[in-house]
Each structure stands twice: as structure tokens, then as C-alpha cells.
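The listed protein sequences correspond, in order, to chains A and B. Residues 1 to 192, numbered by the numbering used here, are exactly what the first sequence covers, in order. Residues 193 to 397, numbered by the numbering used here, are exactly what the second sequence covers, in order. All C-beta atoms, glycine included, are put in the ideal place defined by N, C-alpha and C. Bear in mind the structure is a predicted one, so any value in this text is a computation, not a measurement. Here's the structure, in C-alpha cells; my notes come after.
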Amino acid sequence: MSRYWDVVRADIRRCVNEKETSVRRVLATVCNQMGLQAILVYRFGRLLRAARRQVVVWPLLPLGWLLYGLAVLWVRRGYSIRIALSADIGAGFWVGHFGGVEVVNCRLGERCSVGQQTKVGRAEDTEGPQVGDGAWIGAHARIFGHVRVGNGVTIAPGARVTRNVPDRALVVGDPGRVVFRGYDNSQILPHA
Amino acid sequence: MWSEFAADARLYSALRWPTRDSALWRALIWLRSGGLRVLALQRVSHRYLQRRSQRGWTAGTILMRFLIGLTHRPMMILSKCDVDDSIYIGPGVYLSDLGFLILGPVRIGSGTLIHERVTIGVRAGDPGKPVIGANVWIGPDCVIYGNLAIGDGATVLPGSVVSISVPAGAVAGGNPATIVRREFDNALLRGSLARNIDPRSFAPR
Chain A
1 MSRYWDVVRA
11 DIRRCVNEKE
21 TSVRRVLATV
31 CNQMGLQAIL
41 VYRFGRLLRA
51 ARRQVVVWPL
61 LPLGWLLYGL
71 AVLWVRRGYS
81 IRIALSADIG
91 AGFWVGHFGG
101 VEVVNCRLGE
111 RCSVGQQTKV
121 GRAEDTEGPQ
131 VGDGAWIGAH
141 ARIFGHVRVG
151 NGVTIAPGAR
161 VTRNVPDRAL
171 VVGDPGRVVF
181 RGYDNSQILP
191 HA
Chain B
193 MWSEFAADAR
203 LYSALRWPTR
213 DSALWRALIW
223 LRSGGLRVLA
233 LQRVSHRYLQ
243 RRSQRGWTAG
253 TILMRFLIGL
263 THRPMMILSK
273 CDVDDSIYIG
283 PGVYLSDLGF
293 LILGPVRIGS
303 GTLIHERVTI
313 GVRAGDPGKP
323 VIGANVWIGP
333 DCVIYGNLAI
343 GDGATVLPGS
353 VVSISVPAGA
363 VAGGNPATIV
373 RREFDNALLR
383 GSLARNIDPR
393 SFAPR
């Protein structure tokens with residue numbers, strides 16, 4: 001449970017500046033940032049999923065799933081952000097903007113960032129993509145299929161990743177090409 | 193502002209209903225077109241920002257601020273559009289009714305058509321914003337980012353990712369985008385809502 005709160009705190013830290021973490025500031029950020037709301041709903045769903053093993057909390061689960069269902073309906077219909085529970089996302093996830101985000105059946109590392117209209121892993125039945133820590137995935141980017149994307153990778157807006165990508169690479173274009181190795185994306189990551 | 197609203201309604205009704213040309217249909221387009229309402233709210237918000245910088249907090253600006261604050265978020269969620277308030281948009285611009293527009297350029301010239309799922313914004317880590325000229329046709333699924341200018345009468349093909357400046361009258365396409373043709377008249381494209389055009393017909397000469 002303490003690990004769960006650490007993960008949620010890391011998600012909120014991506015949106016709130018570390019020096020001004022007052023309760024009021026955090027609540028205002030959660031109200032304003034639609035991506036953060038979607039991430040919190042996803043984390044709640046994962047918590048419910050993990051709680052299946054704890055027999056003590058079984059009476060609470062129906063209410064929890066009902067709340068999760070309503071929240072996820074709001075996030076999908078209202079903001080059109082779809083972060084499915086089949087995705088395994090590390091701490092410190094950041095969704096930059098609402099609209100057309102689909103993160104399904106994939107594994108994302110810690111401190112990943114995605115923009116609007118991003119599609120990561122579409123099919124539920126096959127094995128999905130694996131993305132390393134600190135990846136920055138730009139707007140309209142697509143990562144499908146069983147590809148392995150390294151740590152600290154920058155995927156330019158609109159790129160379509162079709163093959164494995166080494167660590168700290170910059171991927172551009174459709175189909176995606178590695179145009180630069182050793183690219184440092186720490187400047188463009190928000191609060192990472 | 194009212195003349196801009198009238199120009200928008202005229203353009204939207206001409207594009208959506210080419211055969212129905214009357215004042216009644218131009219009034220009904222406000223009920224049927226989500227993009228027109230987004231555009232109208234953006235114009236009101238832009239006017240509010242101008243007024244506030246000129247006159248400061250008066251009774252009028254406080255009332256405008258209150259009304260915009262009430263409508264801004266519901267409009268964003270209903271239309272799935274986020275159009276920045278600080279953009280100067282010329283009269284008679286078409287923003288797609290299908291939504292998913294995320295726009296943040298400096299200005300959009302009059303007569304421009306922007307189709308659905310288009311992002312126009314800054315490059316990460318660089319505050320320079322794009323400038324969109326007049327009579328530009330921007331196809332669906334485009335991304336335009338960086339400190340660049342799209343010239344008057346330019347055409348951006350569907351699905352292209354533009355991070356270079358496009359000269360006036362040129363056609364940009366591809367991912368990453370290149371200039372595929374220099375002189376092209378997009379008046380026919382801008383005359384209807386047909387958007388599934390064949391990029392091969394724009395092959396370099």
C-alpha cells in the first residue's frame with residue numbers, strides 16, 4: 001500500500017512543481033490536468049485488481065469497481081484518454097494533453113511522457129510493446145507490435161515505431177528511423 | 193466581432209450545405225456545427241484578453257471572465273478541442289466539426305481550413321510558435337510544430353508532420369514533411385470538405 005502511494009505521488013510530482021506541493025495546489029492541479037485524472041483512475045483500477053488477493057477487502061470491491069467504472073467512462077468519453085488496465089505503467093507517468101490517447105497492453109517504464117493522439121499497443125491478444133524508463137513519446141506517435149524501446153528514448157511527434165529502438169535514441173518519421181543516438185531528453189521532460 | 197461571426201457562419205454553411213443558401217440555414221448552422229461554436233468561443237475569449245490588457249478589470253471584463261470561465265471547460269470536453277485564447281484568427285476560418293484539434297499558433301489567416309485531429313503547437317523546449325497564413329488547407333491527422341511559417345495558399349497533405357516552413361502556394365506532405373510541389377492552387381480543395389485526397393497526385397514534377 002505504501003508503494004501504491006509512492007507511485008501516485010510520483011505521478012502528481014510530474015505535474016506539480018516540487019517546491020510548491022501544498023494540498024490546495026495539488027487539488028487544483030488534479031482538477032485542471034485531465035491527463036493526471038486519467039492516470040489516477042488507472043492507478044485506482046490497478047489497486048482494485050491487486051486487491052483481489054486480499055480476502056479482507058472483498059466486501060469493498062463491488063463499490064470500488066462501480067466507482068472505477070464511472071470514472072473510466074468519464075475519462076474515456078469526456079477526455080478520450082484510454083489507459084487500459086492491461087498496460088503496466090511505472091511510477092511518474094505523464095499524459096500531456098487530452099484527446100485520442102490509447103495506452104493498451106504494453107509495459108512502460110518509470111517517468112514516461114506521452115502527448116495527445118498517441119497510440120501505444122493496440123491489440124489485446126498479442127504481446128505488446130515494451131518501453132524503457134524516461135521515454136518521451138510525442139504527439140500523434142504510434143508504437144504497435146512486440147517492439148522493445150530502450151531507456152531515455154525520444155520519439156518525435158507523428159513517428160511510427162516499427163522495430164526495436166536502442167537506448168537514448170531519437171526516432172523520427174513514418175516508418176520510424178533512428179536519426180540520432182545519445183540524445184538527451186532531460187530538458188524536455190516536465191519535472192522529471 | 194459580429195462581422196467575423198457572420199463570415200464564419202457563411203463559410204461553414206457553404207461547406208456543409210453547398211446547395212442551401214439562405215439566412216435561415218446560416219442561422220441553423222450554429223446548432224449543427226460544433227467547430228463553429230468552438231471558433232465563436234475562441235473569438236469571444238480572444239476579445240476578452242484584448243479588452244483586459246487595454247482597459248484592465250472593468251465590469252464588462254469581469255462579466256466576460258465569469259461567462260468564459262463557465263463555458264470554457266464544458267466546450268473543451270464536448271468538442272474535444274483545445275484552441276488557445278491568444279491566437280489571432282482571421283474572419284472566415286473553418287475548424288473541423290469532428291474535433292480533436294489542439295491549436296496554439298500565433299495567428300491563423302482568413303479562409304484557412306483545418307480538418308480533424310490536427311495539432312499545431314510548439315517544439316518541446318522551444319517557445320517559438322507557428323504562424324499560419326491565409327487560405328491554407330490543412331488535412332486531417334497533421335502535426336505542425338516549431339518556430340515556422342505556413343505561407344498564404346499553402347497545402348498540407350493529410351497525415352504529414354511539418355517542422356519546416358512552407359512557402360506560399362506550396363504543397364507539403366510526408367512524415368517528416370518535405371515540399372512536394374511548388375505552385376499549387378488549392379481553391380478546389382478549399383471549396384468542399386473532401387479530405388481523403390490522394391497524395392500521389394501531388395508527386396513532384
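Determine, using beta carbons only, whether Arg257 of chain B comes closer than 8 Å to chain A. It does not; no Cβ of chain A falls within 8 Å.
Boundaries (first-last residue) of the alpha helix (DSSP H) holding Arg13 of chain A: Ser2 to Cys15
Name the chain A residues that come within less than 7 Å of Asn367 of chain B, Cβ to Cβ? Gly158, Gly173 and Asp174
Which whole runs of the alpha helix (DSSP H) in the stretch 216–286 of chain B are 4 residues long or more, in chain order? Counting only runs of 4 or more, we get 226–247 and 251–271.
Rounded to the nearest angstrom, how far is the Cβ of Val95 of chain A from that of Val101 of chain A, given a contact under 8 Å? 6 Å
Taking C-beta pairs closer than 9 Å, name the residues in chain A that Lys321 of chain B reaches, listed in chain order. Chain A residues near Lys321 of chain B: none, gap ~15 Å exceeds 9 Å.
N-terminal and C-terminal residue of the alpha helix (DSSP H) that Glu196 of chain B is part of: Trp194 to Arg208
Have a look at B:Asp333, B:Val328, B:Arg309 and B:Ser357 and flag the residue whose alpha-carbon is nearest the alpha-carbon of Pro322 of chain B. B:Ser357
Beta-carbon within less than 8 Å of Leu73 of chain A's beta-carbon, same chain only, minus the 5 sequence neighbours each way: which residues are those? none
Closer than 8 Å between beta carbons: that is the criterion. Which residues of the stretch 40–63 of chain A meet it against chain B? none
Run through the DSSP bridge pairs and tell me what Ala135 of chain A is partnered with. According to DSSP, Ala135 of chain A bridges with nothing at all.
Span of the alpha helix (DSSP H) holding Ile39 of chain A? Met34 to Ala50
By a C-beta neighbour count over all protein chains shown, 10 Å radius and 16 as the cutoff for buried, is Glu124 of chain A buried or exposed? The residue in question, Glu124 of chain A, is exposed, as its Cβ has fewer than 16 Cβ neighbours within 10 Å.
Can you name, in chain order, every residue of its own chain whose Cβ lies under 7 Å from the Cβ of Val230 of chain B, other than the five neighbours on each side? Met267, Ser271, Cys273, Val275 and Leu287
Where Arg364 of chain B falls: helix, strand or coil (DSSP): In the sequence as displayed, the identity of residue 364 of chain B is Ala instead of Arg. Three-state DSSP puts Ala364 of chain B in a strand.
At a Cβ threshold of 8 Å, is Ile324 of chain B touching chain A? With 8 Å as the cut-off, Ile324 of chain B does not count as an interface residue toward chain A.
Rounded C-beta distance between Gly138 of chain A and Glu110 of chain A? I'm assuming under 8 Å. By a beta-carbon distance limit of 8 Å, Gly138 of chain A does not contact Glu110 of chain A. Their separation comes to about 19 Å.
Going by beta-carbon coordinates alone, are Glu375 of chain B and Gly361 of chain B separated by less than 8 Å? yes
Just the chain B side, please: which residues come within less than 8 Å of Gln33 of chain A by C-beta, in chain order? Near Gln33 of chain A there are no residues of chain B at all, since even the closest Cβ is about 12 Å away, more than 8 Å.
Arg43 of chain A: which of A:Leu27, A:Arg25 and A:Asp88 sits nearest, CA to CA? Nearest C-alpha to Arg43 of chain A: A:Asp88.
Pair within 8 Å by beta-carbon distance, Gly343 of chain B and Gly325 of chain B: yes
For a cutoff of 8 Å on Cβ pairs, would you count Gly132 of chain A as touching chain B? Not closer than 8 Å to any Cβ of chain B, the Cβ of Gly132 of chain A fails to qualify, so no.
Is it true that the CB of Trp329 of chain B sits closer than 8 Å to the CB of Leu290 of chain B? no
For a test of your reading of the model: does the CB of Leu241 of chain B fall under 7 Å from any non-hydrogen atom of the ligand ZN? Yes or no. This structure simply doesn't include the ligand ZN, nor any ligand for that matter.
Close Cβ partners of Cys193 of chain A (< 6 Å) along its chain, the five nearest in sequence each way excluded: Outside the displayed span of chain A (1 to 192) sits residue 193 of chain A, for which this structure offers no information.
For Gly296 of chain B, decide whether its Cβ has a neighbour in chain A, counting only Cβ atoms nearer than 8 Å. no
Can you tell me whether DSSP reads Ala379 of chain B as helix, strand or coil? helix
Would Ser225 of chain B and Trp217 of chain B be called neighbours here (beta carbons separated by less than 8 Å)? No, these two residues do not count as a Cβ contact at 8 Å.
Element boundaries [beta strand (DSSP E), containing Val172 of chain A]: Ala169 to Val172
What span of residues does the beta strand (DSSP E) with Gly313 of chain B cover, start to end? Thr311 to Gly313
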